[in-house]
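Colleague:
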Amino acid sequence: GHPLTWARFHRYKDILDYLDYLGSTIPDLVKIVTIGKSSENRPLKVAHISSGKRKDAPAIWIDGGIHGREWVAPSTALFILKQLTENYNTNKAVVDGIDWFIMPVANPDGYEYSHSVDRFWRKNRSKNPAKRYEDYYDEARYGRFFWGDDAETCQGVDLNRNWDFHWKEIGASSSPCKPTFAGDRPFSEPETRAMSDFIMDRSDQIKAYLSLHSYSQMLLLPWGYTKQNPKDYDDLMYVGRKAVEALQRLYGTPYKIGTSPSLLYPTSGSSDDWAKGKAGIKYSYTLELRDKGTHGFLLPASQIVPTGRETFAAIKTIAKHVVNTS
Ligand code: 0X9
Ligand code: ZN
């Protein structure tokens, strides 16, 4: 294990090395938990940060990298992890008052595939039920022919359409060959099952669910599946606005706040909706990080640190609100 450089985006093995390094150098503060395995058998790991200073401390969950190609999401999760642990002394207030669960790469198979084969890969890499690619040779069903190398795209499930809450109602595809394939059933995927089991087991403790994605510079709040607002919408908007104000104090990065149907598009079976609707976690947000499309998914590594810093400022604001209200 070794410290991480922010000069580039890292491969999954280097990220796992860093997690082990933290767990073995600061064992009183950081514990690395393996919550399951991906469909290609990679370990799914969560860093649990707890200083033990507060009994019955509330907790915040952060995941990054539900989508493979969104590399700034894992780097930002790691940046935050580093601040809370290696820079504990400057962040005591939010570490002593809160337990943090940070899963930097929720979709390691898709992340690795986006490094090694297809830079724009989004889904995980599970094999879909029609085991033979010839089964997708059905234009009527799948919209066009998929065969040869092209049928590679018929692998994988969109891990942000696979959660068991209003699954596949809107903004999700039934075709395995599409980037928003919802899977054959809710929680068909080992990654979403591992995450949801872990979160559900701690749903009384977890007060905020934060999912890091890219790109578009938005703070999204539930619901994604309907244009109706949750009854505590005003509370979520209030905390969200404070978070974005703190984010903008650093570099003035423009950010929008609102629901996915109003700012982007409706989706269902997404993690944020499940966290609020099923796990009962009040403050559930998806952060669409930098940028707004100049580089898009190909964000230069020089933006890892500024994105990390501004996102951490936003998340600390949410955290302080959680500390003061629980
Ligand atoms: O479509 C998504 O899953 C997210 N956008 S992304 O470009 N990163 O793929 C947005 C999800 C926001 N949340 C909900 N719509 N519930
Ligand atoms: Zn995403």
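The opening position of the sequence shown corresponds to residue 233 in UniProt numbering, with each subsequent residue numbered one higher.
Glycine is no exception: its CB is placed at the ideal position from the N, C-alpha and C atoms.
I need the DSSP call for F413, collapsed to helix, strand or coil.
Modeller: The residue given as residue 413 occupies position 181 in the sequence shown. Correct three-state label for F413: strand.
Colleague: Starting from E423 and walking both ways along the alpha helix (DSSP H), at which residues does that stretch end?
Modeller: Along the sequence shown, read from residue 1 onward, the residue named residue 423 stands at position 191. That run of the alpha helix (DSSP H) goes P422 to D433.
Colleague: How should D429 be labelled, buried or exposed, when 16 other C-beta atoms within 10 angstroms of its C-beta is the threshold for buried?
Modeller: Taking the first residue of the sequence shown as 1, we reach residue 429 at position 197. Result: exposed.
Colleague: I need the boundaries of the alpha helix (DSSP H) containing H347, first residue and last residue.
Modeller: Against the sequence shown, residue 347 aligns to sequence position 115. H347 -> alpha helix (DSSP H) spans P340 to S348.
Colleague: My understanding is that S307 touches F241, with C-beta atoms under 8 Å, so please give their C-beta distance in whole angstroms.
Modeller: As a working note, residue 307 is residue 75 in the sequence shown. As a working note, residue 241 is residue 9 in the sequence shown. Yes, they are in contact, since the Cβ atoms of S307 and F241 sit about 6 Å apart, within 8 Å.
Colleague: Sort out for me which residues DSSP pairs F333 with in a bridge.
Modeller: For this step, residue 333 is matched to residue 101 along the sequence shown. DSSP output for F333 lists H280 and W293 as bridge partner(s).
Colleague: Quick one, are the C-beta atoms of L316 and P336 less than 7 Å apart?
Modeller: Taking the sequence shown and counting its residues from 1, the one referred to as residue 316 is at position 84. Taking the sequence shown and counting its residues from 1, the one referred to as residue 336 is at position 104. Their beta carbons are not under 7 Å apart, which means L316 does not touch P336 by this criterion.
Colleague: Regarding S558 and the ligand 0X9, is the C-beta to nearest heavy atom distance less than 6 Å?
Modeller: The residue you call residue 558 lines up with position 326 of the sequence shown. Result no, Cβ not under 6 Å from the ligand 0X9.
Colleague: In this structure, does DSSP put K363 in helix, strand or coil?
Modeller: For the purposes of this step, residue 363 is identified with residue 131 of the sequence shown, where counting begins at 1. Residue confidence for K363 is low, a pLDDT of 45 falling below 50, so the modelled location carries little weight; the figure read from the coordinates is stated next. In the structure shown, K363 sits in coil (DSSP, three-state: anything other than H, G, I, E or B).
Colleague: Hey, could you find the ends of the beta strand (DSSP E) G490 is sitting in?
Modeller: Along the sequence shown, one-based indexing puts residue 490 at 258. K488 to T491 is the extent of the beta strand (DSSP E) around G490.
Colleague: Hey, would you say L468 sits closer than 7 Å to L453, going by beta carbons?
Modeller: Here the question's residue 468 lines up with position 236 in the sequence shown. Here the question's residue 453 lines up with position 221 in the sequence shown. Their beta carbons are under 7 Å apart, which means L468 touches L453 by this criterion.
Colleague: Please determine whether the Cβ atom of E423 lies at a distance below 6 Å from any heavy atom of the ligand ZN.
Modeller: Indexing the sequence shown from 1 puts residue 423 at position 191. It does not: the Cβ of E423 is nowhere closer than 6 Å to a heavy atom of the ligand ZN.
Colleague: Is the CB-CB distance between A289 and V262 below 7 Å?
Modeller: The residue labelled residue 289 in the question sits at position 57 within the sequence shown. The residue labelled residue 262 in the question sits at position 30 within the sequence shown. Not a contact, by the Cβ cut-off of 7 Å.
Colleague: State buried or exposed for L530, treating a residue as buried only when at least 16 other CB atoms are found within 10 Å of its CB.
Modeller: Taking the sequence shown and counting its residues from 1, one reaches residue 530 at position 298. So L530 ends up on the exposed side.
Colleague: Tell me, please, whether the stretch 265-278 touches the stretch 410-428 by the rule of three or more beta-carbon pairs shorter than 8 Å.
Modeller: Yes: the two stretches touch, three or more of their Cβ pairs being nearer than 8 Å.
Colleague: Straight-line CA distance for I312 to E423?
Modeller: Taking the sequence shown and counting its residues from 1, one reaches residue 312 at position 80. Taking the sequence shown and counting its residues from 1, one reaches residue 423 at position 191. Spanning the two alpha carbons is a distance of roughly 22 Å.
Colleague: Go ahead and pull the three-state DSSP assignment for V262.
Modeller: Against the sequence shown, residue 262 aligns to sequence position 30. Residue state, collapsed to three classes: strand.
Colleague: Helix, strand or coil: which one does DSSP assign to T549?
Modeller: Along the sequence shown, read from residue 1 onward, the residue named residue 549 stands at position 317. The answer is helix: DSSP assigns T549 an H, G or I state.
Colleague: State the start and end residues of the unbroken beta strand (DSSP E) segment that holds A440.
Modeller: Along the sequence shown, one-based indexing puts residue 440 at 208. Its beta strand (DSSP E) spans residues I438 to S446.
Colleague: Let me know the secondary structure DSSP gives L248 once reduced to three states.
Modeller: Mapped onto the sequence shown, residue 248 falls at position 16. Here L248 sits in helix by DSSP.
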